[in-house]
Amino acid sequence: MRNRGPRLFALALAVILLSGCRARGPGWAGQVPLAKAEKTEFMMDTVITITAYGPKAAEAVNNAMAEMRRIAALMNADDPKSEVSRINQNAGKRPVRVSEDTFRLLKLAQRYSELSGGAFDVTVRPLVVLWGIGKKDKYVPDAAAIERARALVNWRDLILDEKARTVYLRRPGMGIDLGGAAKGYAADRAREVLLEHGVRSALIDAGGNIWALGRRPDGEPWRIGIRNPRPEHGGELLAVVPSEDLTLVTSGDYERYFIRDGVRYHHIFDPRTGRPARSTISATIIGRNSAEADILSTALFVLGPEQGLALIRKLGNLEAVVVTPEERIVSTSNLEDKLEIVRQEGGTGDKGR
Ligand code: ADP
Ligand code: MG
Numbered sequence: 002m003r004n005r006g007p008r009l010f011a012l013a014l015a016v017i018l019l020s021g022c023r024a025r026g027p028g029w030a031g032q033v034p035l036a037k038a039e040k041t042e043f044m045m046d047t048v049i050t051i052t053a054y055g056p057k058a059a060e061a062v063n064n065a066m067a068e069m070r071r072i073a074a075l076m077n078a079d080d081p082k083s084e085v086s087r088i089n090q091n092a093g094k095r096p097v098r099v100s101e102d103t104f105r106l107l108k109l110a111q112r113y114s115e116l117s118g119g120a121f122d123v124t125v126r127p128l129v130v131l132w133g134i135g136k137k138d139k140y141v142p143d144a145a146a147i148e149r150a151r152a153l154v155n156w157r158d159l160i161l162d163e164k165a166r167t168v169y170l171r172r173p174g175m176g177i178d179l180g181g182a183a184k185g186y187a188a189d190r191a192r193e194v195l196l197e198h199g200v201r202s203a204l205i206d207a208g209g210n211i212w213a214l215g216r217r218p219d220g221e222p223w224r225i226g227i228r229n230p231r232p233e234h235g236g237e238l239l240a241v242v243p244s245e246d247l248t249l250v251t252s253g254d255y256e257r258y259f260i261r262d263g264v265r266y267h268h269i270f271d272p273r274t275g276r277p278a279r280s281t282i283s284a285t286i287i288g289r290n291s292a293e294a295d296i297l298s299t300a301l302f303v304l305g306p307e308q309g310l311a312l313i314r315k316l317g318n319l320e321a322v323v324v325t326p327e328e329r330i331v332s333t334s335n336l337e338d339k340l341e342i343v344r345q346e347g348g349t350g351d352k353g354r
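Under our numbering, the sequence shown has 220 at position 219, and the numbering climbs by one with no breaks.
1. Assuming contact is defined by CB atoms lying nearer than 8 angstroms, are residue 340 and residue 240 in contact in what I supplied?
2. Whose beta carbon lies closer than 7 angstroms to any heavy atom of ligand 2, going through the chain in order?
3. Tell me which same chain residues have a C-beta within less than 8 angstroms of the C-beta of residue 256, skipping the five on either side of it?
4. In this structure, does DSSP put residue 285 in helix, strand or coil?
5. Kindly provide the ranges of any alpha helix (DSSP H) runs that are 4 or more residues long and lie completely inside the segment 55-114, ordered along the chain.
6. Which class does residue 144 belong to by DSSP, given the choice of helix, strand or coil?
7. So, under 8 angstroms CB-CB, residue 291 and residue 212 are touching, yes? Tell me the CB distance rounded to an integer number of Å.
8. Can you list, in chain order, the residues of its chain with a C-beta nearer than 7 angstroms to that of residue 100? Leave out the 5 residues immediately preceding and following it.
9. According to DSSP, simplified to helix, strand and coil, what is residue 198?
10. Return the chain-ordered list of same chain residues with a C-beta closer than 8 angstroms to the C-beta of residue 25, the five sequence neighbours on each side being excluded.
11. Where are the beta strand (DSSP E) runs, 3 residues long or more, that stay fully inside the segment 287-343, in chain order?
12. Report the partner residues of residue 249 according to the DSSP bridge assignment.
13. Using 8 angstroms as the cut-off, can you tell me whether the segment 188-206 makes contact with the segment 165-179, which would need three or more C-beta pairs spanning the two stretches below that distance?
14. Can we say the segment 270-280 touches the segment 302-316, given the rule of at least three CB pairs closer than 8 angstroms?
15. Using only alpha-carbon positions, find the residue among 106, 325, 285 that is nearest to residue 336.
16. How would you call residue 127, buried or exposed, if buried means at least 16 neighbouring beta carbons within 10 angstroms?
17. Round the Cβ separation of residue 1 and residue 57 to the nearest angstrom and send it over; I've been treating them as touching at under 8 angstroms.
18. How would you write the range of the beta strand (DSSP E) that residue 159 sits in, first residue to last?
19. Within the same chain, show all residues whose beta-carbon is closer than 7 angstroms to that of residue 338, passing over the 5 residues directly before and after it, in chain order.
20. Taking DSSP's pairing of strands, which residues face residue 206 in a bridge?
21. Is residue 287 near residue 312, with beta carbons less than 8 angstroms apart?
22. For a test of your reading of the model: does the CB of residue 230 fall under 7 angstroms from any non-hydrogen atom of ligand 1? Yes or no.
23. Between 104, 168, 206, 221, which lies nearest to residue 92 when the distance is taken from Cα to Cα?
24. To the nearest angstrom, report how far apart residue 112 and residue 163 are at their CA atoms.
25. Less than 8 angstroms between C-beta atoms, sequence neighbours within five positions excluded: which residues of the same chain meet that for residue 325?
26. Is residue 67 closer than 8 angstroms to residue 45 when the C-beta atoms are compared?
27. Between residue 105 and residue 158, what straight-line distance do the alpha-carbon atoms span, to the nearest angstrom?
28. Can you tell me whether residue 77 is buried or exposed? The criterion is at least 16 other CB atoms within 10 Å of its CB, across all chains shown.
29. Compute the Euclidean distance between the alpha carbons of residue 69 and residue 107, then round it to the nearest angstrom.
30. Put residue 154 into one of helix, strand or coil per three-state DSSP.
31. In this structure, does DSSP put residue 268 in helix, strand or coil?
32. Quickly, what does DSSP pair residue 165 with across the bridge? List them, please.
33. Taking only the alpha-carbon atoms, compute the straight-line gap between residue 114 and residue 132 and give it to the nearest angstrom.
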């Protein structure tokens, strides 16, 4: 980005998956055909598909899916019996001992809450509940209610005790929400399970969270498509990222939203305003840790292109693509050479070079 200026396109992004191995048929690695296994389930408010190749692919996929289910159950803030709910129910009362998984992810989430200056804030639950995006019918809270909820959001009041492995929210009414991190963490866990089963070629697709493990069975890199979240303004597909051992995570304003009086209200909040974040319509992170990429895609979405990409560059080892409200795309410089552009709208793309 520094030398050539930001890359600008007219379309917005969403990660989608292009099915691999068209030409040679499924399960062909050199001379040895590999068994393929695939499973789809609905959890964490999204459709999850795991596809794996290898001798133990079927068992691997079953166990990886079970692992994702386990993580989803621990971290589901809408289930009063989950670990996260127990933390929330005990806000302002007492610390709660949790599993290693929940503790580890909360630690990561708190670290990035700090690094992002609170743009990502893992204690965002009061805002999530108040707005009820996707649950309440086109509800826009009044300013006083937003202010009350916003005042309860602060990652500094989340107390993690490493030794006791306990979690404590300092004030009553506070709440943890791992909606912006749990899918990525679950995908990381699923990947570990696949690797333990000797799988070297697989795709985990958890909505906007994708893990491309190894290469396709035909030896080519996986091809992850980047899709237009405003298809009404142009084509479905914008670009393809050839991916080998990479995770891609997108946060967008088009997954859970409603439109009232011409205004789009969606599920990613700016903790500074207590309202849906406005400086981005899509944010993609490419990295090697899906929990981190998930958290950072939400942070980048809230921070917007300038501050957000500055943070990503500072962290290093990550690539990112942001789409502004004007539907211009800005990416980190390394990505410019990797993205295969398949469509630009009306020749307006690529202006910034
Ligand atoms: P998606 O859930 O569509 O994959 P994200 O990863 O960006 O998208 O997560 C959005 C979810 O994260 C919301 O549904 C909510 O649970 C939570 N969330 C919303 N705003 C924030 C924020 N500023 N910081 C942390 N989590 C947030
Ligand atoms: Mg996220």
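For glycine and all other residues, C-beta sits at the position ideal for the given N, C-alpha and C. Please read these numbers as outputs of a predicted model, since none were measured by experiment.
Reading from the atomic positions:
1. yes
2. 181, 182, 185, 250, 252, 295, 296, 298, 299
3. 208, 209, 267, 268
4. It is a strand residue.
5. 58-76, 84-90
6. helix
7. 6 angstroms
8. In its chain, beyond the 5 residues on either side, 75, 84 have a beta carbon closer than 7 angstroms to the beta carbon of residue 100.
9. coil
10. Unreliable positioning characterises residue 25 in this predicted model, as indicated by a pLDDT of 46, which lies under 50. A coordinate reading is not provided.
11. 320-324, 330-332
12. 211, 287
13. no
14. yes
15. 285
16. buried
17. As displayed, the chain neither begins before 2 nor continues past 354, which places residue 1 out of reach and without an answer.
18. 159-162
19. none
20. 50, 211
21. no
22. Relative to ligand 1, even the nearest heavy atom lies 7 angstroms or more away from the CB of residue 230.
23. 168
24. 14 angstroms
25. 280, 281, 282, 305, 306, 331
26. no
27. 17 angstroms
28. buried
29. 17 angstroms
30. coil
31. DSSP places residue 268 in coil when its eight states are reduced to three.
32. DSSP, once it has assigned bridges, lists no residue as partnering residue 165.
33. 21 angstroms
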